[in-house]
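FYI, in the working numbering the residues of the sequence shown are 2 to 132.
Ideal Cβ placement from N, Cα and C applies to all residues, glycine included.
Read the structure below first, then the notes.
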Amino acid sequence: MGTRHAEMIAIDEMLAGCGGDVQAAGFDRSDLYVTVEPCIMCAGALSLLGFRSVVYGCRNDRFGGCGSILPVNQEGCGPCSGRPPVGAHVGRSFPAKGGLFPEEAVELLREFYAAGNPCAPRPHRPVRKEL
């Protein structure tokens with residue numbers, strides 16, 4: 002039996018490679034692995050894109066959209082515009098499983114924020130550093 006290797010590709014790269022066609026991008030055949038539970042907005046986007054599943058390391062107790070705050074992964078998300086019927090949801094639900102190496106996930110986040118984001122735009126005003 003052969004071994005399958007997951008290929009890491011950014012969501013925007015997948016969409017660009019398919020000319021923006023969500024169906025052709027194959028998200029319904031894709032599992033997303035992330036360090037921290039997706040926020041409510043990101044969980045809504047994942048629902049709209051139709052991801053097969055999401056696995057995350059640590060919970061997001063402030064903004065979690067996969068059960069910590071709201072179960073967007075179970076309910077899908079509300080429509081973005083218009084006047085839909087009460088309780089109407091768009092997108093689809095997806096299973097989300099948290100707790101995959103949670104201590105390591107928190108440590109990765111600490112290291113990232115301690116070092117700063119080298120890809121972040123320059124701030125328009127000086128950043129205060131707390132000692």
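Top-ranked residue by Cα proximity to residue i, from the options
{"i": "Leu133", "options": "Gly21, Ser94, Glu105", "result": "Residue 133 cannot be examined here, being either before or after the span of the chain that is shown, 2 to 132."}
{"i": "Ser31", "options": "Glu104, Ser54, Ala115", "result": "Ser54"}
{"i": "Leu101", "options": "Ile12, Asp29, Val56, Leu110", "result": "Val56"}
{"i": "Gly92", "options": "Arg111, Asp62, Val23, Pro122", "result": "Val23"}
{"i": "Val35", "options": "Leu109, Ala115, Leu16, Pro122", "result": "Leu109"}
{"i": "Cys40", "options": "Arg60, Cys19, Leu16, Ile12", "result": "Arg60"}
Alpha-carbon to alpha-carbon, residue j and residue i
{"i": "Gly66", "j": "Ala46", "result": "11 Å"}
{"i": "Pro119", "j": "Ala25", "result": "33 Å"}
{"i": "Gly117", "j": "Pro124", "result": "12 Å"}
{"i": "Arg111", "j": "Cys43", "result": "21 Å"}
Residue j beta carbon less than 8 Å from that of residue i
{"i": "Ala97", "j": "Asn74", "result": "yes"}
{"i": "Glu38", "j": "Gly79", "result": "no"}
{"i": "Phe52", "j": "Leu71", "result": "no"}
{"i": "Pro103", "j": "Gly58", "result": "yes"}
DSSP three-state assignment for residue i, whether helix, strand or coil
{"i": "Asn72", "result": "Here residue 72 is Pro; the residue named in the question, Asn, does not match the sequence. Note: Pro72 maps to strand in three-state DSSP."}
{"i": "Gly58", "result": "strand"}
{"i": "Ala97", "result": "strand"}
{"i": "His6", "result": "Its pLDDT being 46, under 50, His6 is placed unreliably in this model, and the coordinates cannot settle the point."}
{"i": "Gly66", "result": "coil"}
{"i": "Asp32", "result": "strand"}
{"i": "Cys19", "result": "coil"}
{"i": "Cys40", "result": "strand"}
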